[in-house]
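Here's the structure we're looking at; comments come further down.
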Amino acid sequence: MRSSITIRGAREHNLKNIDIDIPRDEFVVITGLSGSGKSSLAFDTIYAEGQRRFMESLSAYARQFLGMMERPDVDFIDGLSPVISIDQKTTNRNPRSTVGTATEIYDYLRLLYARVGIPYSWKTGRPMKKQSTEEVVESILKLENGTKVYCLAPIVRGRKGHYRELFEQTLKQGFIRVRVDGEFREIEKGMQADRYKTHDIEVVVDRFVISEKSRGRIAQSVEMALEMADGTVILSVQGDHPGENRDMLFSQKLFDAESGVAYDDPAPNLFSFNSPYGACPKCSGLGYSYDADPDLVIPNHELSIKEGAIRYMGKPREIFIFKQLQAILKEFDADFDTPVKDYPDELTDMLMEGSGDRLFDVSYDFRNTSVTYKHVFSGLISGPRSICREQIR
Amino acid sequence: MQQTTCPACHGGRLNKEALSYKVGGYSIDQIVNLDIKTLRETVYSLELSERQMLIGSQVLKEIRDRIDFLMNVGLTYLNLNREARTLSGGEAQRIRLATQIGTQLVGVLYVLDEPSIGLHQRDNIKLIRSLETLRDLGNSVIVVEHDRETIEHADFVVDLGPGAGINGGYIVTSGKPEELDAESATAKYLNYSVSIPYPESRSEGNGKTFTLKGARGHNLKSVDLSIPLGTFTCVTGVSGGGKSSLINQTLVPILSSHFHKAKTVPLPYDTIEGLDNLNKIISIDQSPIGRTPRSNPGTYTKVFDYIRLLFAELPEAKIRGYGGGRFSFNVKGGRCEECKGDGVRKIEMNFLPDVYVTCEVCKGDRYNRDTLEVHYKGKNISDVLKMPVSEGLGFFDAVPRIKRVLETLDAVGLGYLTIGQSSVTLSGGEAQRIKLARELAKIGTGDTLYIMDEPTTGLHFDDVKMLVSVIRKLVDKGNTVIVIEHNLDLIKASDWVIDIGPEGGHEGGEIIAEGTPEQVAEVKESYTGKFLKDELEKSRLPADRMS
Chain A
1 MRSSITIRGA REHNLKNIDI DIPRDEFVVI TGLSGSGKSS LAFDTIYAEG
51 QRRFMESLSA YARQFLGMME RPDVDFIDGL SPVISIDQKT TNRNPRSTVG
101 TATEIYDYLR LLYARVGIPY SWKTGRPMKK QSTEEVVESI LKLENGTKVY
151 CLAPIVRGRK GHYRELFEQT LKQGFIRVRV DGEFREIEKG MQADRYKTHD
201 IEVVVDRFVI SEKSRGRIAQ SVEMALEMAD GTVILSVQGD HPGENRDMLF
251 SQKLFDAESG VAYDDPAPNL FSFNSPYGAC PKCSGLGYSY DADPDLVIPN
301 HELSIKEGAI RYMGKPREIF IFKQLQAILK EFDADFDTPV KDYPDELTDM
351 LMEGSGDRLF DVSYDFRNTS VTYKHVFSGL ISGPRSICRE QIR
Chain B
394 MQQTTCPACH GGRLNKEALS YKVGGYSIDQ IVNLDIKTLR ETVYSLELSE
444 RQMLIGSQVL KEIRDRIDFL MNVGLTYLNL NREARTLSGG EAQRIRLATQ
494 IGTQLVGVLY VLDEPSIGLH QRDNIKLIRS LETLRDLGNS VIVVEHDRET
544 IEHADFVVDL GPGAGINGGY IVTSGKPEEL DAESATAKYL NYSVSIPYPE
594 SRSEGNGKTF TLKGARGHNL KSVDLSIPLG TFTCVTGVSG GGKSSLINQT
644 LVPILSSHFH KAKTVPLPYD TIEGLDNLNK IISIDQSPIG RTPRSNPGTY
694 TKVFDYIRLL FAELPEAKIR GYGGGRFSFN VKGGRCEECK GDGVRKIEMN
744 FLPDVYVTCE VCKGDRYNRD TLEVHYKGKN ISDVLKMPVS EGLGFFDAVP
794 RIKRVLETLD AVGLGYLTIG QSSVTLSGGE AQRIKLAREL AKIGTGDTLY
844 IMDEPTTGLH FDDVKMLVSV IRKLVDKGNT VIVIEHNLDL IKASDWVIDI
894 GPEGGHEGGE IIAEGTPEQV AEVKESYTGK FLKDELEKSR LPADRMS
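Next up, the structure:
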């Protein structure tokens, strides 16, 4: 092994054809005035050449994807090892990159929590228990008599693929219905799912109506589903409308009987805020969200609406939104001359966040006739908020 | 729009299910919000069942190792949940360093660029130890660095110079730190035969102050900050102590919304008094300047706009009806259309690197022939772009607004750059000083407050000397300068020092020393004071010798 990195005739940037031997396996400092050529020597000559030689060792096919490194302006370099540069520019600007992920400590923490973490119900704080088939059946029978229930065996949970063979096989086993991503379908020949999307696929094992008499059948179906889906079963309770269906997940694994909360066996991706299975659904894993600031909508509570309290709308004009405001204020015995600070809290909240289901009689001119209709009010903040959501997406 | 903590996960980033798992009584979001120091204690004392131990021991070992690496590079105050984009360049680099040490590779050549940035002197030795660990594993380590302590610990030093830009690029001296040619600038600073001068008596300012009371964002413990106006104040303290929380995230937002109606929200505080004595704030932070090949010192400092207008005012240009845009190399009209004003043409060679050739039409002049026929004092616009700043100073002597900008560029030590030098060829320190020059060129009101965040980044001892004199000039005009800094050379040259700490994270957030550098040096609880005392004594020696 050579004992030094030999550089001859380095002329990159402002370097003046310099020759130097830098000892290997030592701790070397390059110093000098700002702009004297330190970076030109360390990064643009030594690092660039090391990187280039590594690239050169790759096949021409691989190189076309990498883009080629420029050969530094130097006559000769010898004694180079593979080079790793730790500079300041390569910081990740993505909000999903944290100290934990950059150091990989978070990856190990995820593994730790997935393997030895003790689950507690998020509703009650009680430790989770595993369930036997009998316990599952008992829980189901607690539902109201006459409730229609689908017994489903979840066989694919959030994985990509077209699953054609799976559908075929299921059909051969004698099951004719499946639920793909929440939608009930009959299995047809050659049926397949979108290959590049993640899917949830459940096989419909049975359909039954809750009653004490059908206990045997329920037990049988649940057992079959548990077997097919590796210890889990979904009971889809059918409401009067399709929108009212709700799923109950039972598991031989983790379940809190009191709150009805069941967890899947944890995988490391449950603890990843960059995976849809772990991320907080509200902020999708960022930990914060952007929202409109009420203080910017009404910056000065001393003003009345007539004086332009709602900054982004200005003073009252003959337009619908002000008619709406007028109608709401009337209900609270206020008008455009009342300063905002004198509004009851309920009114202020309603102006910001909207009236929900509450309707107000709004009078306005429509095709030259004055009409009065009932309207809901969507809130002063909803406009800016939805504009902003669109821009963030 | 305001950024608010997510109401569903309270900043935990995960869904309810994931957050309800616990190990040793801690949920994963509790773990990631501990600072590294506390995390280490927690992880080492986790109460686990025998079964948990059996399964988790391997994973725990990996976690502990990595935490120890982070401790070793002085990042004790960070937490795992901290976003990588909010880290300073030096912090990010030290994290990567910690990860690299973890890989235990052998025979690799590591190249680092100023890893000591943003690191307090106290933690510097830890960083040096980490670099030595890398070497002892059997690797070569090359570090570009200005820090005295790092240079002293090196096995081999290469000193480049003697000047900067075209005056640099030679090897001045190389060898073991103690074997360096004693005549080289670096060696002189190393052995204290030359040192950055600091005033014997400190400026007391104009007697007025402004006071920020009850700052309590992040780890700040209801801090009352009082800055004497008309002075050069340094805010110091160990990393994570709360310097940035106090200055960049509380003071700067308050002032910029007060003076410039910026819609920034400061961290919580009670009151601020004495703003009547100021009328402008200029904040120079660490964010990089644009790095496109079309940006250059002239365009960045806006001096090129004035130069273009000057050319447009010339009789020759008026006869031809040329406006300022005609003299821009970025828009159609005056530029050479063959190379679109680049002066060079890029020829793509597919899997070989791109080749740049001088444009055969304009011969590198970037403009078309008609535009180049307009001359000012015998030079055309292309000649001006190729002119070093120092030369431009005399050339534009009669045009005060151009001269003033060029003067500031020269004053921050960038006289050797050409006005049209492409930004991509500038070093980090040069780019930062161009930024500094642009701000300094704005007409100071005499009641301006300048706030700078680590302006010594990338600066050699000699450059720091230049910086100190620039700051002095500002203060002498009655302005106030606040600098967040770790560099002892700069701290000792200031009028007033405010040290925040004592430690990083929750053990910091208080002002522990405040006064002239000499006064702070006597405060025993202050780490900065300790190092400052050393530095003051050492740099006083040669002066005594001379007298």
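For the record, the sequence lines run as chains A and B.
With my numbering applied, the first sequence corresponds to residues 1 to 393, in that order.
With my numbering applied, the second sequence corresponds to residues 394 to 940, in that order.
Just so it is clear, CB atoms sit at the ideal spot from N, CA and C, and this is done for glycine as well.
task = Note down the Cα distance separating B/ALA791 from B/ASN599, rounded to an integer number of angstroms.
result = Here the question's residue 791 of chain B lines up with position 398 in the second sequence. Here the question's residue 599 of chain B lines up with position 206 in the second sequence. Their Cα atoms are separated by approximately 35 Å.
ask   = Do B/LYS606 and B/LEU618 come within 9 Å of each other at the CB atom, strictly closer than that value?
value = The residue given as residue 618 of chain B occupies position 225 in the second sequence. The residue given as residue 606 of chain B occupies position 213 in the second sequence. Result yes, Cβ atoms of B/LEU618 and B/LYS606 sit closer than 9 Å.
request  = Say whether chain A places a C-beta atom closer than 9 Å to the C-beta of B/ARG444.
outcome  = If you number the second sequence from 1, residue 444 of chain B lands on position 51. At a cut-off of 9 Å, the C-beta of B/ARG444 has a neighbouring C-beta in chain A.
task = From the DSSP output, in three-state form, read off A/ARG217 for me.
result = For this step, residue 217 of chain A is matched to residue 217 along the first sequence. Here A/ARG217 sits in helix by DSSP.
ask   = If you drop the 5 nearest sequence neighbours on each side, which residues of the same chain put their C-beta closer than 8 Å to that of A/ARG393?
value = Indexing the first sequence from 1 puts residue 393 of chain A at position 393. Reliability fails at A/ARG393, whose pLDDT of 47 lies under 50, so the model's placement of it is uncertain and no value is given.
task = Output the boundary residues of the beta strand (DSSP E) element that contains B/GLY908.
result = As a first step, residue 908 of chain B must be located in the second sequence, where it is residue number 515. Going by DSSP, B/GLY908 is part of the beta strand (DSSP E) stretching over 903-908.
message = What residue range does the beta strand (DSSP E) around A/ASP357 cover?
response = As a first step, residue 357 of chain A must be located in the first sequence, where it is residue number 357. Where A/ASP357 is concerned, there is no enclosing beta strand (DSSP E), because DSSP gives it neither an H nor an E.
key: chain B contact residues for A/VAL29, given Cβ-Cβ distances below 7 Å   = Sequence index remark: in the first sequence, residue 29 of chain A carries index 29 (1-based). What A/VAL29 touches in chain B: VAL536, GLU538, THR543, ILE544, ALA547 and VAL550.
message = Is A/ASN94 close to chain B? Criterion is C-beta to C-beta, closer than 9 Å.
response = Here residue 94 of chain A is taken as the residue at index 94 of the first sequence, counted from 1. Yes, A/ASN94 lies at the interface with chain B (some Cβ there is under 9 Å from its Cβ).
Pair within 9 Å by beta-carbon distance, A/HIS162 and A/ARG195 = Start at 1 with the first residue of the first sequence, and residue 162 of chain A comes out as number 162. Start at 1 with the first residue of the first sequence, and residue 195 of chain A comes out as number 195. Yes; because the gap between Cβ atoms is below 9 Å, this pair is in contact.
ask   = What's the C-alpha gap between B/LYS926 and B/LEU639?
value = For the purposes of this step, residue 926 of chain B is taken as the residue at position 533 of the second sequence. For the purposes of this step, residue 639 of chain B is taken as the residue at position 246 of the second sequence. When rounded, the distance between both Cα atoms is 25 Å.
task = Could you name the residues that DSSP lists as bridge partners for B/LYS796?
result = As a position in the second sequence, residue 796 of chain B is number 403, starting the count at 1. For B/LYS796, which the question treats as bridged, DSSP gives no partner whatsoever.
inquiry  = Can you check whether the C-beta of B/VAL565 is within less than 9 Å of a C-beta belonging to chain A?
reply    = Here residue 565 of chain B refers to the residue found at position 172 of the second sequence. By this cut-off, B/VAL565 is an interface position.
ask   = Between which two residues does the beta strand (DSSP E) harbouring A/TYR288 extend?
value = Position 288 of the first sequence, counted from the first residue, corresponds to residue 288 of chain A. For A/TYR288, the enclosing beta strand (DSSP E) starts and ends at 288-291.
query = Just the Cα atoms here: how many angstroms apart are B/THR435 and B/GLY610?
reply = Reading the second sequence from its first residue, position 42 is the one you call residue 435 of chain B. Reading the second sequence from its first residue, position 217 is the one you call residue 610 of chain B. Approximately 25 Å, taken between the alpha carbons.
query = Among residues of its own chain, excluding the 5 on either side of B/ALA936, which ones have a beta-carbon nearer than 7 Å to its beta-carbon?
reply = Translated into the one-based positions of the second sequence, residue 936 of chain B becomes position 543. With a pLDDT of 46 at B/ALA936, under the threshold of 50, the predicted position of this residue should be treated as unreliable, though the coordinate-derived value follows. The answer is none, since no qualifying residue turns up.
query = Should A/LEU58 go down as buried or exposed, given a rule of 16 or more other Cβ atoms within 10 Å for buried?
reply = Mapped onto the first sequence, residue 58 of chain A falls at position 58. With fewer than 16 Cβ atoms within 10 Å of its Cβ, A/LEU58 is classed as exposed.
Proximity to B/VAL534 [Cα-Cα], best of B/TYR920, B/LYS711, B/ILE675 and B/LEU490 = What you label residue 534 of chain B is simply residue 141 of the second sequence in a count that begins at 1. The residue with the shortest Cα to Cα distance from B/VAL534 is B/LEU490.
Range covered by the beta strand (DSSP E) that runs through A/GLN403 = Residue coverage of chain A in this structure runs from 1 to 393, which leaves residue 403 of chain A outside it and unanswerable.
message = Just checking: is the beta-carbon of B/ALA804 within a distance shorter than 9 Å of some beta-carbon in chain A?
response = Position 411 of the second sequence, counted from the first residue, corresponds to residue 804 of chain B. Among the residues facing chain A, B/ALA804 is not included, as its CB has no counterpart in that chain under 9 Å away.
message = If the criterion is Cβ atoms closer than 9 Å, does the pair A/PHE332 and A/GLU353 meet it?
response = As a working note, residue 332 of chain A is residue 332 in the first sequence. As a working note, residue 353 of chain A is residue 353 in the first sequence. A/PHE332 places its beta carbon 9 Å or farther from that of A/GLU353.
key: Residues of the region 400-415 of chain B with Cβ closer than 8 Å to any Cβ of chain A, in chain order   = Of all residues in the region 400-415 of chain B, the ones placed with a Cβ closer than 8 Å to any Cβ belonging to chain A are PRO400, ALA401, CYS402, GLY404, GLY405, ARG406, LEU407, ASN408, LYS409, GLU410, ALA411, LEU412, SER413, TYR414 and LYS415, in chain order.
query = Quick one: Cα of B/TYR715 to Cα of B/SER862, how far?
reply = Along the second sequence, read from residue 1 onward, the residue named residue 715 of chain B stands at position 322. Along the second sequence, read from residue 1 onward, the residue named residue 862 of chain B stands at position 469. Rounded to whole angstroms, the gap between the alpha carbons of B/TYR715 and B/SER862 is 41 Å.
ask   = Based on the DSSP secondary-structure assignment, which residues constitute the bridge partners of A/PHE27?
value = Reading the first sequence from its first residue, position 27 is the one you call residue 27 of chain A. Answer is B/VAL534.
message = Below 8 Å, how does it come out for the region 467-484 of chain B and the region 502-510 of chain B: are there three or more Cβ pairs, yes or no?
response = Flag = yes, the region 467-484 of chain B and the region 502-510 of chain B touch.
key: Coil, strand or helix - B/ALA936 by DSSP   = For the purposes of this step, residue 936 of chain B is identified with residue 543 of the second sequence, where counting begins at 1. Confidence in B/ALA936 is poor, its pLDDT being 46 and thus under 50, which makes the residue's placement too unreliable to answer from.
task = List the residues of chain A whose Cβ lies closer than 8 Å to the Cβ of B/VAL916, in chain order.
result = Counting from 1 along the second sequence, the entry for residue 916 of chain B is found at position 523. In chain A, no part has a C-beta under 8 Å from the C-beta of B/VAL916; the shortest such distance is about 31 Å.
message = Considering just the uninterrupted stretch of the alpha helix (DSSP H) at A/MET313, what are its terminal residues?
response = Translated into the one-based positions of the first sequence, residue 313 of chain A becomes position 313. First-last for A/MET313: undefined, no H or E at that position.
query = Among all the DSSP beta bridges, which residues are the ones paired with A/HIS375?
reply = Working through the first sequence from its first residue, we reach residue 375 of chain A at position 375. Beta-bridge pairing by DSSP links A/HIS375 to A/PHE360.
key: Cβ pair count under 8 Å reaching 3, the region 538-558 of chain B against the region 844-859 of chain B   = Taking a cut-off of 8 Å for Cβ pairs, the region 538-558 of chain B and the region 844-859 of chain B touch, as three or more such pairs fall below it.
task = Indicate whether at least one CB of chain A lies closer than 9 Å to the CB of B/GLY851.
result = Start at 1 with the first residue of the second sequence, and residue 851 of chain B comes out as number 458. B/GLY851 has a beta carbon lying within less than 9 Å of a beta carbon in chain A.
task = Could you tell me whether the Cβ atoms of B/THR604 and B/THR664 are closer together than 9 Å?
result = By 1-based counting over the second sequence, the position of residue 604 of chain B is 211. By 1-based counting over the second sequence, the position of residue 664 of chain B is 271. A contact, by the Cβ cut-off of 9 Å.
query = Roughly how many whole angstroms lie between the Cα atoms of B/LEU799 and A/LEU109?
reply = Numbered from its first residue, the second sequence carries residue 799 of chain B at position 406. Numbered from its first residue, the first sequence carries residue 109 of chain A at position 109. For B/LEU799 and A/LEU109, the distance between alpha carbons rounds to 55 Å.
query = Any C-beta of chain B sitting closer than 9 Å to the C-beta of A/SER139?
reply = The residue given as residue 139 of chain A occupies position 139 in the first sequence. No - not a single Cβ of chain B is within 9 Å of the one on A/SER139.
inquiry  = If we require 3 or more residues per run, which beta strand (DSSP E) segments fall completely within the region 397-472 of chain B?
reply    = When DSSP assignments are scanned along the region 397-472 of chain B, the uninterrupted stretches of beta strand (DSSP E) that are 3 or more residues long and fall wholly within it turn out to be 414-416.
task = Can you say whether B/PRO793 is buried or exposed, counting buried as having 16 or more other CB atoms within 10 angstroms of its CB?
result = For this step, residue 793 of chain B is matched to residue 400 along the second sequence. The residue in question, B/PRO793, is exposed, as its Cβ has fewer than 16 Cβ neighbours within 10 Å.
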